[in-house]
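Participant:
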Amino acid sequence: MDKFEYKVVSIKRSIWTGKSKHDYLEVINEYGADGWRFVCFADRGAAKKGVATTELIFEKKY
């Protein structure tokens, strides 16, 4: 049976503009080059100080 490990990468974005500090596709390609497969994303909504978070979830066989 295959075993996987998972990694969650949080990307902060402004709740006012919706703009993130990092390009999502750039982050996905960066992790993909290291053998991680993008699985899905989760929107974490608003947090303190006008910042929201989007979490990118990756998996990798080990």
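Going by this note's numbering, the letters in the sequence shown line up with residues 815 to 876, in that order.
All residues carry an ideal CB built from backbone N, CA and C; glycine is no exception.
1. What does the alpha-carbon distance come out to for the pair Val841 and Ile825?
2. Are the CB atoms of Arg851 and Phe872 nearer to each other than 8 Å?
3. If you reduce the DSSP assignment to three classes, tell me which class Ile842 lands in.
4. Look at Gly849 and Lys874 and say whether their C-beta atoms are less than 8 Å apart.
5. Is it right to say Leu870 is buried, meaning 16 or more other beta carbons lie within 10 angstroms of its own, or is it exposed?
Facilitator: In brief:
1. 9 Å
2. yes
3. helix
4. yes
5. buried
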